[in-house]
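Student: Residues 1 to 418 in the UniProt record's numbering are what the sequence shown lists, from first letter to last. Cβ coordinates follow ideal geometry from the N, Cα and C atoms, glycine included.
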Amino acid sequence: MHWCAAAAVLACAAAFAPARTPKISAVVCRELAASKEQGADDDDWRRLANSKDAAADVFLSWAAEDPGLGACLRTLNLRRGRFGGDVPPTLWPVQLRRKLARGLGRRGRARSARRAAWAGANATSLELSWRDLRAAYAEREAVVRNVNGAAEDLAGSWVYHLGLLQAYAQNHDSARPPASYVAPCGARLGRWLADQRSLDKSGRLAPARRQQLELIGGDVSPLAAHSERRWRRACLSLWRFRRREGHARVKRAHVDEDGFRLGGWLVEQRKKYDKGTLPPKRARALETLGVSFERPRDAAWRRHFEALEKRADATGLADAPARLVTEDGLKLGQWVAKQRKLRREGVLDPDRERRLSSIRFVWAPRDAVSRDAAYAVALAAFVAREGHDRVPKRHRELGLGLGEWMYRRRRQAVAAGE
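#1: Reducing DSSP to helix, strand and coil, say where residue 382 ends up.
#2: Report yes if the CB atom of residue 322 is closer than 7 Å to the CB atom of residue 333, and no otherwise.
#3: Whose C-beta lies closer than 8 Å to the C-beta of residue 241 among residues of the same chain, with five residues either side of it excluded?
#4: DSSP puts residue 397 in a beta bridge; with which residues?
#5: Please go through the same chain and pick out, in chain order, the residues whose beta-carbon is closer than 7 Å to the beta-carbon of residue 395, but skip the five residues on each side of it.
#6: Are the CB atoms of residue 207 and residue 190 within a distance shorter than 7 Å?
#7: What does residue 421 pair with, by DSSP beta-bridge criteria?
#8: With DSSP collapsed to three states, give me the class of residue 249.
#9: Assuming residue 78 and residue 159 make a contact with CB atoms under 8 Å, what is their CB distance in whole Å?
#10: Going by C-alpha distance, which of 315, 302 and 271 is nearest residue 352?
#11: Given a cut-off of 7 Å on the beta-carbon distance, is the pair residue 165 and residue 216 in contact?
#12: Rounding to the nearest angstrom, what Cα-Cα distance links residue 187 and residue 161 in this structure?
#13: To the nearest angstrom, how far is it from the Cα of residue 137 to the Cα of residue 151?
#14: One question on the structure: do residue 318 and residue 359 come within less than 7 Å of each other, judged by their Cβ atoms?
#15: Out of curiosity, what's the CA-to-CA distance linking residue 49 and residue 182?
#16: Let me confirm a value: residue 106 is counted as buried when at least 16 other C-beta atoms fall within 10 Å, else exposed. Which label applies?
#17: Quick one: grab the DSSP three-state call for residue 153.
#18: How is the alpha helix (DSSP H) around residue 103 delimited, first residue to last?
#19: Among residues of its own chain, excluding the 5 on either side of residue 388, which ones have a beta-carbon nearer than 7 Å to its beta-carbon?
#20: So residue 377 and residue 316 are supposed to be a Cβ contact under 8 Å. How far apart are they, rounded?
#21: DSSP state of residue 430, grouped into three classes?
#22: Buried or exposed: where does residue 81 fall if 16 or more other Cβ atoms within 10 Å of its Cβ makes it buried?
#23: Could you name the residues of the same chain whose beta carbon sits closer than 8 Å to that of residue 325, not counting the 5 residues immediately before and after it, in chain order?
#24: How big is the Cα-Cα spacing for residue 73 and residue 228?
#25: With a CB to CB cut of under 6 Å and the five nearest residues on each side skipped, what residues in its chain are close to residue 411?
#26: Under the three-state reduction of DSSP, which class applies to residue 85: helix, strand or coil?
#27: Please state the DSSP three-state secondary structure of residue 294.
#28: Below 8 Å on the Cβ atoms is my guess for residue 222 versus residue 179; work out the distance and round it to an integer in Å.
#29: Give the secondary structure of residue 257 by DSSP, where H, G and I count as helix, E and B as strand, and everything else as coil.
#30: Quick check on residue 139: buried or exposed, where buried means 16 or more other Cβ atoms within 10 Å of its Cβ?
#31: Whose CA, out of 278, 210 and 290, lies closest to the CA of residue 245?
#32: Count the other CB atoms within 10 Å of the CB of residue 170; is the residue buried (16 or more) or exposed (fewer)?
#33: Taking residue 284 as part of the alpha helix (DSSP H), name the residues at either end of that continuous run.
#34: If you drop the 5 nearest sequence neighbours on each side, which residues of the same chain put their C-beta closer than 7 Å to that of residue 18?
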């Protein structure tokens, strides 16, 4: 009896107890969240396919949530310039492709459904799959078109032209298109770059944009003025000349293999140096390349003086016969005679006269004595080296025709004996 009463009490308590809510598993929660996210992605995909303005609104909403997605627009527009038109999804930034992965995969899913319908040979399924496939293709083309258009509107034409300039630099090994250059897409790239130079010259070009342009140019910035580009080209030509010839003594009429008048350009730099208008930095750069700012006549005088000084050290006599020509092709004998003539006329520079006197220059020699003394020195050098005085007729010693001189002396001795 007591047992029955207890059971009745428990039954009543269970009847009036509150009902428990069923527990939702973590797997179900994840599935619900994924379904909600997929629904949002599908909505964004449809808005992107709707129009360019709707695509711009989608990008703006994304940029508010994730600045990285907003930066994708700039990257996409830059690639539009390099690509020369609308960029296909395979060249979109990775973050953007991931964001639109579900929509971009709709065409693949439609293809799979089409293949399955073919395998089942169901006419109704084939028709539906064909419609879905055409719709997926059309939708994808619309999205590609609208996304590129939104990138152009939101990122601006500057980034697009920057991409065009990158493509030009890659194809032409130069980031300096002519002012009249028009890109294949119709953009006036040369005129745009000229505008950037004008803005930079007036200080109105943003530092970030200036840095991006300079990164494209390599050694020569696209913003460099014509004079700066000409200077760099001339220095490169001069460096090639020196490497090939071993010196930087460029003739006035010299033209390099690219048609650049290097000789005339060097004349201009020397004139600027004489006037004091050549910047010291450029003067040092030219001197590093082997350019001497001496006047050609001064340089020629110095070379002859050094040759005479060398001969004086070897022979003990700062003099030279009138026909003496050095191994370097300097007509040293004529130069010596000219210095004497200039001194007699009183027009020789005093500093040059002092330099010549410092090496015991023979100002008033007796021609025969001076000539015979020079040949005697040459003969002494030959004997000291060879150990005899049998000089071949065509032999030259110390720049003198010693063999001819000995031949004449022997004939004179023979004639005197007869």
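Tutor: In short:
#1: Locating residue 382 in the sequence shown gives position 382, counting from the first residue. Of the three classes helix, strand and coil, the one that applies to residue 382 here is helix, per DSSP.
#2: Residue numbering aside, residue 322 sits at position 322 when the sequence shown is read from its first letter. Residue numbering aside, residue 333 sits at position 333 when the sequence shown is read from its first letter. Cβ distance < 7 Å, so residue 322 and residue 333 count as in contact.
#3: Locating residue 241 in the sequence shown gives position 241, where the first residue counts as 1. 248, 250, 254, 256 and 262.
#4: As a first step, residue 397 is located in the sequence shown; it is residue number 397 there, counting from the start. Note: residue 397 sits in a beta bridge opposite 400.
#5: Stepping through the sequence shown from its first residue, residue 395 is reached at position 395. Here residue 395 has 402 and 403 as same chain residues with Cβ atoms under 7 Å from its own Cβ, once five neighbours each way along the sequence are excluded.
#6: The residue labelled residue 190 in the question sits at position 190 within the sequence shown. The residue labelled residue 207 in the question sits at position 207 within the sequence shown. Judged by their CB atoms, residue 190 and residue 207 are not nearer to each other than the 7 Å cut-off.
#7: Given that the chain is displayed from residue 1 to residue 418, the structure contains no residue 421 and the question cannot be resolved.
#8: For the purposes of this step, residue 249 is identified with residue 249 of the sequence shown, where counting begins at 1. Coil, per DSSP.
#9: By one-based count along the sequence shown, residue 78 stands at place 78. By one-based count along the sequence shown, residue 159 stands at place 159. Contact holds; Cβ gap of about 5 Å.
#10: Within the sequence shown, the letter at position 352 stands for residue 352. For the residues 315, 302 and 271, the minimum Cα distance to residue 352 belongs to 302.
#11: Here residue 165 corresponds to residue number 165 of the sequence shown, with the count starting at 1. Here residue 216 corresponds to residue number 216 of the sequence shown, with the count starting at 1. Closer than 7 Å, so yes.
#12: Your numbering for residue 187 matches position 187 in the sequence shown. Your numbering for residue 161 matches position 161 in the sequence shown. Rounded to whole angstroms, residue 187 to residue 161 spans 8 Å at the Cα level.
#13: Stepping through the sequence shown from its first residue, residue 137 is reached at position 137. Stepping through the sequence shown from its first residue, residue 151 is reached at position 151. Distance between the alpha carbons of residue 137 and residue 151 is about 21 Å.
#14: Here residue 318 is taken as the residue at index 318 of the sequence shown, counted from 1. Here residue 359 is taken as the residue at index 359 of the sequence shown, counted from 1. Contact: yes.
#15: Translated into the one-based positions of the sequence shown, residue 49 becomes position 49. Translated into the one-based positions of the sequence shown, residue 182 becomes position 182. So the alpha carbons of these two residues sit roughly 32 Å apart.
#16: Along the sequence shown, read from residue 1 onward, the residue named residue 106 stands at position 106. Answer is buried; the Cβ neighbour count reaches 16.
#17: Taking the first residue of the sequence shown as 1, we reach residue 153 at position 153. Helix.
#18: By 1-based counting over the sequence shown, the position of residue 103 is 103. It spans 101 to 104 - the alpha helix (DSSP H) in which residue 103 sits, taken as one unbroken run.
#19: One-based indexing of the sequence shown puts residue 388 at position 388. For residue 388, where only same-chain residues beyond five positions count, there are no Cβ hits under 7 Å.
#20: Taking the first residue of the sequence shown as position 1, residue 377 is located at position 377. Taking the first residue of the sequence shown as position 1, residue 316 is located at position 316. Yes, they are in contact, since the Cβ atoms of residue 377 and residue 316 sit about 7 Å apart, within 8 Å.
#21: Absent from the structure is residue 430, since the part of the chain shown begins at 1 and ends at 418.
#22: The residue you call residue 81 lines up with position 81 of the sequence shown. Residue 81 is buried by the Cβ-count criterion.
#23: Taking the first residue of the sequence shown as position 1, residue 325 is located at position 325. 331, 332, 333 and 399.
#24: Locating residue 73 in the sequence shown gives position 73, counting from the first residue. Locating residue 228 in the sequence shown gives position 228, counting from the first residue. If you take the alpha carbons of residue 73 and residue 228, they lie about 35 Å apart.
#25: By one-based count along the sequence shown, residue 411 stands at place 411. Nothing meets the Cβ criterion.
#26: Residue numbering aside, residue 85 sits at position 85 when the sequence shown is read from its first letter. Three-state DSSP puts residue 85 in coil, outside helix and strand.
#27: On the sequence shown, position 294 is the one that residue 294 refers to. It is coil, neither helix nor strand.
#28: The residue given as residue 222 occupies position 222 in the sequence shown. The residue given as residue 179 occupies position 179 in the sequence shown. Taking a contact as a CB-CB distance under 8 Å, the pair residue 222 and residue 179 does not count as one, their CB atoms being some 12 Å apart.
#29: The residue you call residue 257 lines up with position 257 of the sequence shown. Of the three classes helix, strand and coil, the one that applies to residue 257 here is coil, per DSSP.
#30: On the sequence shown, position 139 is the one that residue 139 refers to. Its Cβ being crowded by 16 or more others within 10 Å, residue 139 is buried.
#31: Against the sequence shown, residue 245 aligns to sequence position 245. Looking at the Cα atoms, 290 is the closest of the given residues.
#32: Position 170 of the sequence shown, counted from the first residue, corresponds to residue 170. So residue 170 counts as exposed.
#33: Stepping through the sequence shown from its first residue, residue 284 is reached at position 284. Segment 280 to 288, the alpha helix (DSSP H) holding residue 284.
#34: Taking the sequence shown and counting its residues from 1, one reaches residue 18 at position 18. Confidence at residue 18 is low in this model, with a pLDDT of 48, below 50, so the placement of that residue should be treated as unreliable; the coordinate-derived value is given next. Hits under 7 Å: none found.
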